[in-house]
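Below is one structure, written out as structure tokens; the observations come after it.
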Amino acid sequence: MARYGMALDYKNCINCKACEVACKEENGVELGAEKHRIWVGGNNPEGAWPLLDMASASFLPSQCQQCDDAPCQEVCPTHATYYDENGVVRVDADKCILCSYCMNACPYDARYVDERTMTVDKCTFCSDTRLARGETTTACQNTCPTKVRTFGDLDDPESEISELLRTRDHFSLKAHLGTKPKLFYLT
Amino acid sequence: MSVEVSRRKFLQGSVALSVAGASAISATNLFSSENASEHKSTNSRIPSTITTKTSTAKAEHVPFLCGICVNKCAGLARVEDGIITKLDPNPYFPKNRNMLCPRGNAGIQTLYDPDRLKYPMVRIGERGDGKYKRVSWDEAYEAILNGTDKFKGIKQILDEEKDNRATIGYCNGEGLSKEGFEVLVGEKIGSPNYVDEVSICLETTLGGYVNTIGTYGEADLTNADYLIIAGANRAEAIITPDTMDMFKRSKGRGLKTIVLDPRFTNTAVKADRWYAINPGTDLAFVLALTYVTIKEELYDKAFVAKHVEGFDEYKQHILSHNYTPEWAAKLTNISAKEITKTAREFMAARSPIYYQGRRSVFSKNDFQLRRAMAIFQGLSGNLDKKGGIVYGQKLQLPKEDVNAPIYGQAQARFDKDGIAIPSLKTGSWIVFRNMVLEGKNPYPLRAMFMRKHNPMAGVPNTKKTEAFLKKMDLNVMIDILPSDTTMYADVILPEASYLERTSPVASYGGMEPAIVQRKAAIKPLYETKTPEVIYKELAEKLSKPLWENTLKYDEDVQDDTEGMSKAEIEQYYKENGFDLAEPWEKPVHEQNEERITKAYGKKAWEILDEKGVYYPHMEEYHTQLNPNEFEYYPENKKHYSTQGDKLKVKCNLSNLTKKGVDAMPAWHDDMEFSVPAGQFRLVTGRHAQFTQSGTTNNAMLRDLIPTNYIWINNQVCEKMGIKFADKVEVKSPIGKVTIMAYPTNKIAPNQIFMLHGFGGSSEKMELAYGNGANDALLIEDKIEPVYGAAVMHDTNVEIRKV
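Protein chains in written order, with this note's numbering: chain A, 1450 to 1636; chain B, -8 to 793.
Structure, rendered in structure tokens:
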């Protein structure tokens, strides 16, 4: 039993997409530009060359925010979306009927259809691959060149993520929606 | 599906570019999401799906060294039932600091690429038409030796050329088995005509730095506090460990970062300041920084007095030429105020670094630019110390002596036209190729032995490369994919990829030196063989027949062997190195064991063989700092300062004057950047998801960056009526291509940019073929004057919407 979350030192992100590839290879995610569990969003700079607004250009790694109060779980009519014992929002492929309510409900656009299993799939924090083997990092964290991500147990005061959240300022995406994400962006 | 459209709203910026790109080309791309998840192979050693979910079952973790680019990051291959399901970083190697980039992660897709070369092939059609016959390995070697009805063999060619081994040319791109190919074709077979990636890559960078401060060095970006990074794009052209160290501390977190680039790159996104410098004018910028530093006496006086040679002449040179910020402002597009500010900040910083960069040659003055940068770094005194450019140390490996035969009939290399300092080992691709095409070679060049190299995409002016290859009597290619160049080979020998072979051990120097070994994670797929096995078998096949040629024509050998018995001649043949296969008597793994055990002992070998990495005290020193990071050497064991009094910065290289090269970096009027009205300067570059043409057929990476676009200034596009993904014809003095447009504010109105490595011409590479545009069709084959290296950013083009 744990309460898994992730802290993202997002200013380190260079938009190289190593995390996306590692995720796809680890979890056997389909190819296709829309078929990713994680991605890096970015803004192009505003202005006209050469007077570009540097502050307006940035990269923001994103994915399922593993909400404590997940709209996708709430709307799922078949209970296919559920919380596992570690607080990770998971999908039961057998129960999913592809109604896509969850896709519409998710404010982070974190879900996509896996055409092979016909399931609305999402990030699992590598629960059924790496964590199931006893590993302590997700694929995206482990491979990241600039070490953006720290995954861990929020309930363990000794964990690296707990330490980071104690000592660094952080924010959540769309905090005003009350979804209580377990992804924390470090400032 | 409507839901996917909504998902796209989140995918902004460059991600949106790739998404839109994917939909724009889906009509013509055979690759589509319907079958994207399948490999259509009946081979049980090939996974049935493109990506394979890792299982919870037991797996092997084999240490490998990545071969997707030149960095050689260390990783662990997860092998389940003989199939590689995942590549993870190896936490022991200080160079890659427990990470793999997107390309490293996607290496599985190159291994299992359905288009791989699977068995030896011999050409039965015309060169370039892709008609080949599958043959056995022995038949392939036989075709190299004795030819077929379509082409001549090397035995006949050397007979006609009276054993002049120089009639053979050879080329090989960077890699751990490259040295073996140099031994085979260069030292054993005896060809002096060698070209590789250096003359289309960083030759002037290395040359400029080594001649000025004695090393290219390593930038200690973990401890620096001020960074000028000009014409280098570490966010997109990933170099380990620089990329990781740099961006963990940029953006107000300890490393002030000044980026100079004509384009607003992903590195510029991370900068404190970005200067949109005119292409090819970095030298003026550095000279002006130097002017401010000298004029205002900002330099480290004690360091300069002790270590900088020729400083007084250089000072005089800089001041008398009036390389003022005002002078440079006009040339560079950077204001005098900003130049002055940057010089002052740099010299006031505790540990400033003018990043050396690591890229191909952009302008003709690149050698002098590198010299000026190295001297400027020297003026700060931040050399050979923590936080500066560090010399470091290397763990020595025992040298393997090669018994190289001497061929009396072999002539010397010839590719020296217009070059001040011809390299001793590898030549200039452009000069070599063009001299052959123009008939300026003093003896015929009739065969090319090629390995892991794609000059059709890499060397400017593809048409000339094609004509050059067509001119040969015999082309041999050893590679893993049917590249554009492979299609001009007469005999194709399929090589095992980096995940299927154990490679010779390598040593990486620096602040934290280490020895690494790449171990085969799986056995070679299909009928492929490891490079060293190919060298051995080819050498065995050629050895005796070519020796007969030597006996027939080589008067020195004839004199030596006169009156000898058959057995004595055999002994002479062996003792004098004419037995070509002798360096490969032992398999690579055994050779590695011998070399490491000899130098560092049995325990060291066991550690290296198990973990893939070794350095003295590794098990004691290597500690985990947090879930992401490790310490490789304790702080007091890192090799920050190694030079002592040997450290020299050479301002004035007066012996260069004899060769027509400036002894001190100087600006000349013809270096000025100008583009005729209505034209654009073509600049090219890299992307984090690609390694030149080598990865354009990788399904995973293609998924991220489906094609290349031409970047055109958005205001120019408005005037010309060009919208995103519109087809645009780009025409240079040597050729034209059609490519889709990307209107953007990130580039100047008189410049265009395209990613290098796209637009493949080989129909045998399904994803790469015809996708995007090949910049080598546009870039004029100009050289810089010191080494004859290719100049990549000196071509103006016209564009029109089609």
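Ideal placement from N, C-alpha and C gives every residue a C-beta, glycine not left out.
Environment of Tyr434/B [buried if 16+ CB atoms lie within 10 Å]:
Tyr434/B should be labelled exposed.
- Query: Looking at the structure shown, is Arg125/B part of a helix, part of a strand, or coil, going by DSSP?
  - Reply: strand
Helix, strand or coil, according to DSSP, for Thr40/B in the structure here? strand
Residue(s) in a DSSP beta bridge with Asp1602/A
Beta-bridge analysis with DSSP links Asp1602/A to Tyr1453/A.
| field | Strand pairing of Val1537/A, partner residues [DSSP] | value | According to DSSP, Val1537/A bridges with nothing at all.
For this session: Give a yes or no on whether the C-beta atoms belonging to Leu289/B and Tyr314/B are separated by under 8 Å.
Result: no
_How far does the alpha helix (DSSP H) with Leu149/B in it extend, from its first residue to its last?_
145 to 151
Note to self: Using a Cβ-Cβ distance cut-off of 8 Å, determine whether Met1567/A contacts chain B.
What the structure shows: For Met1567/A, the answer is no, since every Cβ of chain B falls outside 8 Å of its Cβ.
Could you name the residues of chain B that Arg1582/A contacts, counting a contact when the two beta carbons are closer than 7 Å? Thr47
Can you tell me where the beta strand (DSSP E) holding Glu51/B begins and where it ends? 51 to 56
Query - Contact check, Val427/B vs Glu178/B, beta carbons under 8 Å - result: In this structure, Glu178/B does not lie closer than 8 Å to Val427/B by Cβ.
ask   = In chain order, which alpha helix (DSSP H) runs of at least 4 residues are fully inside the stretch 654 to 733 of chain B?
value = 690 to 695, 705 to 711
_Please identify, using Cβ separations under 9 Å, the residues of the stretch 189 to 211 of chain B that lie next to chain A, in order along the chain._
Look at the stretch 189 to 211 of chain B: it has no residue with a C-beta under 9 Å from a C-beta of chain A.
- Sheet register partners of Ala781/B (DSSP bridge): Ile774/B
Do Ile325/B and Tyr266/B have their CB atoms nearer than 8 Å?
-> yes
Strictly below 9 Å CB to CB, what residues from chain A border Pro85/B?
Within chain A, no residue comes near Pro85/B; the closest Cβ sits about 14 Å away, beyond 9 Å.
Report task. Step through the CB atoms of chain A and report whether any lies within less than 8 Å of the CB of Met691/B. Result -> yes
- Message: What does the Cβ neighbour count give for Asp1602/A, buried or exposed, with the cut at 16 atoms within 10 Å?
- Response: buried
| request: Using three-state DSSP, classify Thr231/B as helix, strand or coil. | output: coil
Own chain residues within Cβ distance below 6 Å of Ile598/B, not counting five before or after:
Tyr605
Count the other CB atoms within 10 Å of the CB of Tyr1634/A; is the residue buried (16 or more) or exposed (fewer)?
buried
>> Just to check my reading of the structure: Ala572/B and Ala401/B have Cβ atoms closer than 8 Å, yes? What is that Cβ distance to the nearest angstrom?
In response: Contact check for Ala572/B and Ala401/B: beta-carbon distance about 20 Å, past the 8 Å limit, so the pair fails to qualify.
query = Counting only beta-carbon atoms, is Phe1574/A nearer than 8 Å to chain B?
reply = no
**Backbone secondary structure at Leu8/B - three-state DSSP** = Any reading at Leu8/B is ruled out, since the residue's pLDDT is 39, under 50, leaving its predicted position unreliable.
**Item:** Reference Asp1517/A, options Tyr1531/A, Asp1618/A, Thr1585/A, closest by Cα
**Value:** Tyr1531/A
- Gly1481/A CB to nearest chain B CB: under 8 Å? yes
> Which of the three DSSP states, helix, strand or coil, is assigned to Trp265/B?
Replying inline: strand
Subject >> Short CB-CB distance (under 8 Å) between Pro656/B and chain A >> reply: Not an interface residue.
**Asked** Under 7 Å Cβ-Cβ, which residues of chain A neighbour Cys92/B?
**Response** One finds Cys1465, Ala1467, Pro1594 in chain A with Cβ atoms closer than 7 Å to the Cβ of Cys92/B, taken in chain order.
Below 8 Å on the Cβ atoms is my guess for Asp464/B versus Phe142/B; work out the distance and round it to an integer in Å.
6 Å
Q.
Quick check: the stretch 296 to 311 of chain B against the stretch 635 to 653 of chain B, are at least 3 beta-carbon pairs closer than 8 Å?
A. yes
Enumerate in chain order the residues of its own chain whose CB-to-CB distance from Ser(-7)/B is below 8 Å, with the five nearest sequence positions on each side excluded.
Confidence in Ser(-7)/B is poor, its pLDDT being 26 and thus under 50, which makes the residue's placement too unreliable to answer from.
Check: Considering only the beta carbon of each residue, do Cys162/B and Met441/B sit closer than 8 Å?
Finding: yes
Practice problem: Going by DSSP, name the residue or residues bridged to His312/B. | Solution: Bridge partners of His312/B: none, in fact.
Run through chain B and tell me which residues come within less than 9 Å of Ala1501/A, C-beta to C-beta.
A small fix is needed here, since residue 1501/A is Leu in this sequence, not Ala. The contacting residues are Phe255, Ala259, Trp265, Ala267, Asn736, Lys737.
Q. At a CB-CB cut-off below 7 Å, which residues of chain B make contact with Glu1609/A?
A. Asn617, Pro618
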